[in-house]
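The opening position of the sequence shown corresponds to residue 327 in our numbering, with each subsequent residue numbered one higher.
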Amino acid sequence: MSGRSYFVTGTDTGVGKTLVASALIHLHAARGVRAGGMKPVASGAFLQDGVWCNEDVQALQAAANVDLPVHLVNPYLLRQATAPHIAAAEEGVQIALDHLALCHAQLQSACDVLIVEGAGGFMVPLDADHNSDDLVARLGLPVILVVGIRLGCINHALLSALAICARGLRLAGWVANHVDARETQAGAMVNTLVQRLQAPLLGRLPWSPEMTAAQVAGLLTWPDPS
327 MSGRSYFVTG TDTGVGKTLV ASALIHLHAA RGVRAGGMKP VASGAFLQDG
377 VWCNEDVQAL QAAANVDLPV HLVNPYLLRQ ATAPHIAAAE EGVQIALDHL
427 ALCHAQLQSA CDVLIVEGAG GFMVPLDADH NSDDLVARLG LPVILVVGIR
477 LGCINHALLS ALAICARGLR LAGWVANHVD ARETQAGAMV NTLVQRLQAP
527 LLGRLPWSPE MTAAQVAGLL TWPDPS
């Protein structure tokens with residue numbers, strides 16, 4: 327029997343998707359269910375003991391309590407730290423949604439809860455023909471939106487929510503991540519989004535460069551009671 331799967335996206339790159347995704351995995355692992363993660367496409371790699379690795383992928387694996395093959399967790403690892411479609415084109419990599427769907431199905435069968443972290447925002451291009459939202463629609467996953475609370479985030483969050491709904495997908499919840507310590511109107515921004523986003527606020531993360539996935543897990547609620 328396949329487990330439940332959720333897609334974590336963000337209003338932008340660098341808003342804390344990996345931290346939130348890892349925290350959600352940690353939250354379920356701590357409850358004793360089989361919890362794992364997937365990063366379908368990752369950009370930015372480094373050599374470790376002769377093997378190309380990615381920090382986001384390593385974070386998801388560290389939070390999981392299921393030993394999952396890395397070639398399923400991260401089917402496409404691009405070496406350049408840039409937009410996936412640019413890196414893929416320059417590296418001669420063809421990203422196939424069919425392959426990603428197959429990898430997802432295998433992971434889902436091994437987990438009770440599978441957290442899938444996207445690259446960048448909801449509609450970031452993956453190749454010349456497909457965007458990230460095409461993959462999410464193909465998999466039919468509910469979406470959790472990480473909002474980086476800073477100037478411009480209200481527009482970014484509302485546009486992201488519209489794009490999610492336009493694909494016929496459910497916005498299961500959102501997380502407010504305070505990424506700018508200098509932002510004096512953060513509270514007002516969050517309150518505005520609470521009023522306007524048709525999805526529950528799953529947690530508010532204070533600005534802190536040192537927070538771990540375990541600490542963040544304690545600040546989050548899970549969107550679905552089942």
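Glycine included, C-beta positions come from ideal geometry on N, C-alpha and C.
Shown here, V439 sits in a strand according to DSSP, grouped into three states. In this structure, Q406 lies away from S458, with their beta-carbon atoms at least 8 Å apart.
Residue ranges of uninterrupted beta strand (DSSP E) with 3 or more members, entirely inside the segment 507-541 and ordered along the chain, are 527-531.
Taking 8 Å as the cut-off, the Cβ atoms of A389 and S348 count as close. Taking one beta carbon from each stretch, the segment 483-490 and the segment 443-453 have 3 or more pairs nearer than 8 Å; the two touch. Assignment of V501 by DSSP, reduced to helix, strand and coil, places it in the strand class. Following the DSSP letters along the chain, one finds L373 inside the beta strand (DSSP E) bounded by residues F372 to Q374. Pairwise C-beta distances place the segment 409-417 out of contact with the segment 428-435, as fewer than three of them are shorter than 8 Å. The continuous beta strand (DSSP E) containing L404 extends over residues Y402 to L404. Where R464 is concerned, the enclosing alpha helix (DSSP H) starts and stops at S458 to L465.
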